[in-house]
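Have a look at the structure below, then the notes.
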DNA sequence: GCGAAGTATCACTGGCGGCTGATATGTCAA
DNA sequence: TTGACATATCAGCCGCCAGTGATACTTCGC
């Protein structure tokens, strides 16, 4: 059993679970909607709520998560908080995903193993 | 209510749920372990099982899913099936994720909103 | 100070997805 | 043909995360 774990670790030393967790951060339509909205520029929570249609507590929760994960960064301005993408490579990652969806990964939406919005 | 949906759609026309689903395909440690193993070259199911420590039915299930999604491609060779990454950009995507984890997204593993392996 | 607006936090729940164990299908060797 | 091997499929259970609703906290206008 410890052997199996070792084998798993040997594939990519250490960061396998972390990478899965990173992708999981991007795997939720709500979080993705927030990130997409922020690609155009910084937004306050209220603006994000308006842009995505999420409820305010829900958006706040996801923003907390995204912030802790280092995907977005929030800057308090009075009673408002402006959020922005934490890194340019996040934009690249999203763009690359779009490319794949137009290409080989076109069959994703047909996959029955899991849903888009859980 | 239909207004909120419209707003959501306006962020990225059409492909928001699909992109979430693509990331969800990468968000599982088992699937990610398979993809990582395949980055080094094509492998049969048995070799994947040995490399990842997954059970055979479990690996087969994930391979089916990954194949339907267009992330891997399988080629039957006798009673063996060799799987490989379906596109080079999948490798790029994984590399970009690693970069982010070494950089701004370092706090991902500390995020308590969700786990690495569900 | 007081009320209001913006944001964050909390407990709760329902639905979904990943793992397992058994079984089916298909293919090679003898 | 028969047995063994490689892979695929199936049903069921369990743990979990996303959403909701209520509420607390902070900051601004008056």
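Residue numbers (UniProt numbering), protein chains in the order written: chain A, 1 to 118; chain B, 1 to 118.
Backbone N, C-alpha and C define an ideal beta-carbon position, used for all residues, glycine too.
Burial state of residue 102 of chain A (16 or more Cβ within 10 Å): exposed
Residue 39 of chain B in three-state terms, based on DSSP: helix
What residue ranges within the segment 56-85 of chain B form continuous alpha helix (DSSP H) runs of no fewer than 4 residues, ordered along the chain? 56-69
Minimum Cβ-Cβ distance from residue 78 of chain B to chain A less than 8 Å: no
Going straight from the alpha carbon of residue 39 of chain A to that of residue 87 of chain A, what length do you get? 10 Å
If you draw a straight line from the alpha carbon of residue 43 of chain A to that of residue 69 of chain A, how long is it in whole angstroms? 18 Å
CB contact flag (residue 32 of chain B, residue 85 of chain B, <8 Å): no
Taking 8 Å as the threshold (beta carbon to beta carbon), is residue 25 of chain B in contact with chain A? yes
Given this structure, state the Cα-to-Cα distance separating residue 112 of chain B from residue 99 of chain B, to the nearest angstrom. 22 Å
Please list, in chain order, all residues of the same chain as residue 58 of chain A whose beta carbon is under 8 Å from its beta carbon, the five residues on each side excluded. 30
Given that residue 97 of chain B touches chain A, what residues does it touch there, using C-beta distances under 8 Å? Under the 8 Å cutoff, chain A gives 19, 22, 23 and 93.
Residues that residue 87 of chain A contacts on chain B, provided the C-beta gap is smaller than 7 Å: 100, 103 and 104
Whether residue 116 of chain A touches residue 20 of chain B by CB criterion (8 Å): yes
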